[in-house]
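Going by this note's numbering, the sequence shown opens with residue 3, and the numbers climb by one from there.
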Amino acid sequence: MNQEIVTIDLGSNSFRVLKYDCKNHKIISEYNEVVGMADGLVDTGLISKEAIQRVIVAILHSIEVIKYNPQDAICVTTAAMRNASNSEEILKYLSQEVKTNFSIIDGKEEARLTLLAVKYALKREKINSDKFVLLDIGGGSTEIIINTNNSYKAHSFDFGIVTLTQRFLNHDDLKNDLENKKLEIKLFLNSLNIDFKDYSFVATAGTPTTIAAIKLGQDFFSYDRNIVNGTIVNLEDMINCLNIFKNSSKEDIVKLVGRGRVDFIEVGIYIYKMIFEVLEKDESIVLDDGLREGVAINYCETKCKN
3 MNQEIVTIDL
13 GSNSFRVLKY
23 DCKNHKIISE
33 YNEVVGMADG
43 LVDTGLISKE
53 AIQRVIVAIL
63 HSIEVIKYNP
73 QDAICVTTAA
83 MRNASNSEEI
93 LKYLSQEVKT
103 NFSIIDGKEE
113 ARLTLLAVKY
123 ALKREKINSD
133 KFVLLDIGGG
143 STEIIINTNN
153 SYKAHSFDFG
163 IVTLTQRFLN
173 HDDLKNDLEN
183 KKLEIKLFLN
193 SLNIDFKDYS
203 FVATAGTPTT
213 IAAIKLGQDF
223 FSYDRNIVNG
233 TIVNLEDMIN
243 CLNIFKNSSK
253 EDIVKLVGRG
263 RVDFIEVGIY
273 IYKMIFEVLE
283 KDESIVLDDG
293 LREGVAINYC
303 ETKCKN
């Protein structure tokens with residue numbers, strides 16, 4: 003069995019590739035690009051031809067950079083493909099054009115695999131992984147996972163940074179909608195009858211890692227996941243980021259967050275802030291590890307064992 007594998011996570015906004023060493027549980031190399039797959043999805047219910055061309059260009063570029071055979075890669079895709087009415091034809095087209103075989107995974111499986119990656123990451127960072135609430139803010143969905151020792155409860159909420167940005171062009175409408183989302187999340191958390199005082203708050207995905215990077219003085223071009231991993235972010239850090247974005251030119255914001263994230267980062271911060279408030283937490287541990295790492299670890303644990 004080959005001990006080196008490649009996993010691909012095609013999200014609603016981001017495209018992330020990982021080459022992983024199963025034997026030593028180490029990242030060999032990675033590739034990240036914003037492809038904006040969910041652009042226009044809210045209005046049309048379709049993934050556009052333009053978006054899928056961006057995905058194809060990203061896949062071909064990642065093959066050059068990481069050197070892998072797309073037919074051997076373990077490929078998953080999430081909320082945008084779950085919600086698009088043309089997803090089957092898009093996946094067939096990708097298979098013909100670039101030889102990738104994507105599986106659409108549901109919110110439960112997305113949560114399970116992301117949790118697997120985060121538990122590994124917490125152990126690697128020597129952070130207690132017994133009791134924590136995990137937030138994964140995606141482009142088209144947001145997952146909340148409550149881990150208690152070896153069991154967990156998860157819920158996938160049908161909103162993300164891209165879909166909320168597209169749905170609410172008016173700031174007041176967005177704020178009202180977030181208040182409704184807050185009630186929905188509170189209902190889920192209350193139904194678990196858990197006292198969250200003993201639970202740490204962990205966050206993954208582009209919004210938390212961007213805030214952590216800015217706090218550390220990094221920008222999109224100097225981003226270092228090894229330094230970002232384990233960074234503590236608080237509400238003040240989020241307010242600082244919002245102020246930076248308000249007082250910066252679009253060019254400066256692109257340098258900080260990367261092209262393709264500029265339009266969504268503020269909504270991401272509002273979602274993150276809302277979860278802080280619901281959980282009544284002062285700080286959050288940020289990790290870069292997410293779905294693509296979880297897919298790799300899951301494969302290593304089930305297929306690579308001798």
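For each residue, glycine too, the CB sits at the ideal point set by N, CA and C.
How is Ala86 classed by DSSP in three states: helix, strand or coil? coil
Note down, in chain order, each residue of its chain lying with its Cβ closer than 6 Å to the Cβ of Ile107, except the 5 sequence neighbours on either side. Val78
Expected contact under 8 Å - CB spacing of Val37 and Phe17 to nearest Å: 5 Å
Looking at the unbroken beta strand (DSSP E) that takes in Ala205, where does it start and where does it end? 202–206
Let me check understanding here. Comparing Cα to Cα, which of Cys302, Leu293, Lys305, Thr304 lies closest to Leu1? Within the shown structure, residues of the chain are numbered from 3 to 308, placing residue 1 beyond reach of any answer.
For the alpha helix (DSSP H) containing Asn34, name the first residue and the last one. Run containing Asn34: none in the alpha helix (DSSP H); it sits in the beta strand (DSSP E), 28–36.
If you check the beta carbons only, do Thr165 and Ala40 fall under 9 Å apart? yes
Buried or exposed: which applies to Ile148, given that a residue is buried once 16 or more other Cβ atoms fall within 10 Å of its Cβ? buried
If we call anything under 9 Å between Cβ atoms a contact, is Phe203 one with Leu281? yes
Examine the Cβ distances between the segment 217–236 and the segment 252–262 and report whether three or more of them are shorter than 8 Å. yes
Looking at Glu295 and Ala119, is the spacing between their C-beta atoms short of 9 Å? yes
Let me confirm a value: Lys199 is counted as buried when at least 16 other C-beta atoms fall within 10 Å, else exposed. Which label applies? exposed
Sorted by chain position, which residues of the same chain lie with C-beta nearer than 6 Å to Asp138's C-beta, five sequence neighbours on each side aside? Thr116, Glu145, Thr206, Ala207
I'd like to check one pair, Cys302 with Ile10: are the Cβ atoms closer than 9 Å? no
Assigned exposure category for Ser105 - 16 Cβ within 10 Å defines buried: exposed
Does Gly47 pass the burial test, meaning 16 or more other C-beta atoms within 10 Å, or should it be called exposed? exposed
Could you tell me the alpha carbon to alpha carbon distance between Phe161 and Ser143, rounded to whole angstroms? 4 Å
Can you list, in chain order, the residues of its chain whose CB lies under 6 Å from that of Ala75, leaving out five sequence neighbours each side? Val8, Ile10
Tell me which residues share the same chain as Ile277 and place their Cβ nearer than 6 Å to its Cβ, disregarding the 5 neighbours each side in the sequence. Leu137
Go ahead and label Thr304 buried or exposed: buried means 16 or more other beta carbons lie within 10 angstroms of its beta carbon, across all protein chains shown. exposed
Extent of the continuous alpha helix (DSSP H) run through Leu289: Careful: Leu289 lies outside any alpha helix (DSSP H), inside the beta strand (DSSP E) at 285–289.
Residues near Ile65 in its chain [Cβ-Cβ closer than 7 Å; skip 5 each side]: Pro72
I'd like to check one pair, Gly232 with Ile129: are the Cβ atoms closer than 9 Å? yes
Using beta-carbon positions only, say whether Thr150 and Phe266 come within less than 9 Å of one another. no
Is the beta carbon of Ala81 closer than 9 Å to that of Gly140? yes
DSSP three-state label for Val67, please. helix
Pick from Asn88, Gly109, Asn192: whose alpha carbon is nearest that of Ser158? Gly109
Could you tell me whether the Cβ atoms of Tyr122 and Ile213 are closer together than 9 Å? no
Selected residue, minimal CA-CA separation from Val135, among Leu191, Asn245, Ile241, Ala60: Leu191
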